[in-house]
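Under our numbering, think of the first position of the sequence shown as 25, with each following residue one higher. In what follows, a single structure is set out as structure tokens and then discussed.
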Amino acid sequence: MKLNLLVLRCRDINASRIFYGQLGMQFVQEQHGSGSVHYAAVFNGMVF
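Now the structure itself:
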């Protein structure tokens with residue numbers, strides 16, 4: 025089994041984006057319809 029999507033909830037989205045960005049992930053801001061703004065990155069073939 026291969027994991028292809030990982031969703032994390034956090035209290036401080038900007039701090040989390042910066043932290044994981046320092047690990048080499050490049051995040052893109054997304055919003056689907058009227059849903060909440062979130063960030064996504066593809067890392068080793070997995071959406072994070």
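Using N, Cα and C, we set each Cβ at its ideal position, and we do this for glycine too.
M49 and A39: beta carbons closer than 8 angstroms? no
Is any heavy atom of the ligand FMN found at a distance shorter than 7 angstroms from the C-beta of Q46? In the structure shown, the ligand FMN is absent, as is every other ligand, since no ligand is present at all.
Going by the DSSP bridge assignment, what does Q53 pair with across the sheet? Paired residue(s): Y63.
At which residues does the alpha helix (DSSP H) containing F43 begin and terminate? For F43, the enclosing alpha helix (DSSP H) covers residues I37 to Q46.
For R35 and Y63, believed in contact at Cβ under 8 angstroms, the rounded distance: The pair is not a contact, with the Cβ atoms about 14 angstroms apart (cut-off 8 angstroms).
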